[in-house]
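The block underneath contains the structure these notes are about, expressed in structure tokens.
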Ligand SMILES: [Zn+2]
């Protein structure tokens, strides 16, 4: 068993690919990436089918053991397949195109290796195939827009490097030399403080020493909506880099308007905001929009249907309803995924900052408080709180629920309660990005409203402090804990 000091934590961070390094153009790079991705997608599905076949032969006694597919071997066959397909389609210079990869394989070792090691490993074990053969699981398939995995953990493989002042470049080992070289978007004002710090630690540890932050593998993925390419860097670091939990360091969790959650510490300026949850947030918004559009369509179609002979016919209507139910199911599922990500991030944030406690709002018996927030529904928030509680418990962090009364109106700097900063004001002053700015009339402190509220929730004995302040200002403490 590995000792405590050998335990490592694995995380992922992503950078946008800003531009290719000349003479490579965006057009060439884009074509190359799409081409590699296509091969990756074909190879991934080949590996899965081959593994399925091998297991089947093993089960029926036609082979003595179950061997998982060899990606190198399949990559060779894939090259042959691609050549034949290109010839059939009469694509000129087919072999010329394939030379960009290698004479033998359709994909270089760094990609084929990463594919089998990091993407396929989970589906090429005997248990998985037992489930597939029994019909308890379906054959896993990869989509054409899948990420391109690249190994970067071996000494000769390429990793992030600092090139010009401020510029971080990397050579993508996705084809034969010369490897395409790209600049990543790493400008200080474009990435968060946390990500910037991680990047410095990755760049520092050039020889991949086990004492530091190591780059494990890359993935290149194209964002569906914008078409932009990103490099995902999976890295690990020793668990010991974390500070010991201090009961006086408290993390406050507030349900955000502009973001699903806003998380802040009672000291320093660290926070978790929109950047962390933008991905799932985007997905949920898009699903919601699709659902709205579908509903509008349904209404229109429904009205037309009523005037027709088959109006009210059960089957047709049910079939038309299905996509809506499906969409709703996907939205629920996305929220659960979001809750898992959120709770994991909150607990990791607490661990990384040495916090000994997490404080959240006690919404028991409150009505309507989630209106206008991203989470929106009570059961979802309840689920989120449960996830946070059990994940925090596992690592010895205390979770406390606090009375949320006035936590949105209190100035987290001086404690003054800004009564004017009520629901109506906040709704009226929402910015395009989300929540209104909190302004303290007493000390002129100005902050994002979600951040200010999270900061208050992170305060030790916040309910008591608010009660004292209310008395001082002659404000009645609302009995129903209204916000
Ligand atoms: Zn103030």
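In this note's numbering, the protein residues as written are 77 to 559.
The beta carbon of each residue, even a glycine, is placed where N, CA and C say it ideally should be.
Fair warning: this is a prediction, and the values are worked out from it, not measured in the lab.
Taking DSSP as the reference, what is the three-state secondary structure of residue i?
i	result
residue 257	strand
residue 451	coil
residue 320	coil
residue 224	strand
residue 111	helix
residue 239	coil
residue 298	strand
residue 116	helix
residue 209	helix
residue 526	helix
residue 247	strand
residue 335	coil
residue 291	strand
residue 539	helix
residue 347	strand
residue 312	strand
residue 386	Reliability fails at residue 386, whose pLDDT of 49 lies under 50, so the model's placement of it is uncertain and the value that follows must be treated cautiously. The answer is coil: DSSP assigns residue 386 none of H, G, I, E or B.
residue 87	strand
residue 362	helix
residue 266	coil
residue 356	helix
residue 330	strand
Measuring alpha carbon to alpha carbon, tell me which of the options ends up nearest residue i.
i	options	result
residue 526	503, 484 and 407	484
residue 360	275, 452, 373 and 424	452
residue 428	538, 542 and 322	322
residue 118	221, 500 and 178	221
residue 204	436, 299, 142 and 154	142
residue 403	126, 416 and 368	368
residue 472	125, 174 and 434	434
residue 260	376, 243, 249 and 312	243
residue 303	517, 103 and 504	103
residue 490	511, 497 and 545	545
residue 530	331, 116 and 454	331
residue 521	501, 186 and 492	492
residue 450	505, 364, 438 and 421	364
residue 315	85, 454, 553 and 239	85
residue 97	214, 240, 513 and 201	240
residue 456	418, 481 and 486	418
residue 326	171, 514 and 478	478
residue 543	494, 528, 481 and 505	481
residue 224	267, 286, 116 and 425	116
residue 268	346, 245 and 462	346
residue 371	348, 343, 213 and 401	401
residue 552	535, 495, 536 and 534	495
residue 343	113, 488 and 377	488
residue 538	436, 523 and 106	436
residue 287	83, 134, 266 and 503	83
residue 191	175, 550, 377 and 226	226
residue 535	423, 341, 136 and 281	341
Is the CB of residue i under 9 Å away from at least one CB in chain D?
i	result
residue 133	In the displayed structure, chain D is absent; only one protein chain is listed.
- Query: What are the complete alpha helix (DSSP H) segments, minimum 4 residues, inside the stretch 149-193?
  - Reply: If we require 4 residues or more, the alpha helix (DSSP H) runs fully inside the stretch 149-193 come out as 170-175 and 185-190.
- Message: Quick test of the definition: if touching needs 3 or more C-beta pairs under 8 Å, does the stretch 322-337 touch the stretch 223-231?
- Response: Contact between the stretch 322-337 and the stretch 223-231 is absent: fewer than 3 CB-CB pairs across the two stretches fall below 8 Å.
- Enumerate, from N- to C-terminal direction, the unbroken alpha helix (DSSP H) stretches of 4 or more residues contained entirely within the stretch 420-445. Runs of the alpha helix (DSSP H) inside the stretch 420-445: none found.
- Task: Starting from the N-terminal end, write out each residue whose C-beta falls within a distance shorter than 6 Å of any non-hydrogen atom of ligand 1.
- Result: Having a Cβ closer than 6 Å to some heavy atom of ligand 1 are 487, 489, 490, 492, 516, 518, 519 and 521.
- Is the stretch 274-285 in contact with the stretch 251-259, if contact means three or more CB pairs nearer than 8 Å? No, the stretch 274-285 does not touch the stretch 251-259.
- Message: Under 8 Å, with one C-beta from each stretch per pair, do the stretch 169-183 and the stretch 141-155 reach the 3-pair mark?
- Response: Flag = yes, the stretch 169-183 and the stretch 141-155 touch.
- Message: In chain order, what are the residue ranges of uninterrupted beta strand (DSSP E) at least 3 long that sit wholly in the stretch 456-503?
- Response: The qualifying runs are 474-478.
- Would the stretch 162-174 and the stretch 86-99 be scored as touching if the rule is three or more Cβ pairs under 8 Å? The stretch 86-99 and the stretch 162-174 do not touch, with fewer than three beta-carbon pairs separated by less than 8 Å.
- Okay, do the stretch 463-472 and the stretch 499-516 touch, 3+ Cβ pairs below 8 Å being the bar? Here the stretch 463-472 makes no contact with the stretch 499-516; the two share fewer than three CB pairs at distances below 8 Å.
- Message: Quick test of the definition: if touching needs 3 or more C-beta pairs under 8 Å, does the stretch 152-160 touch the stretch 110-124?
- Response: Yes, since at least three Cβ pairs between the stretch 152-160 and the stretch 110-124 fall closer than 8 Å, the two stretches touch.
- Message: Under 8 Å, with one C-beta from each stretch per pair, do the stretch 303-312 and the stretch 287-294 reach the 3-pair mark?
- Response: The answer is yes - the stretch 287-294 touches the stretch 303-312, with three or more Cβ pairs under 8 Å.
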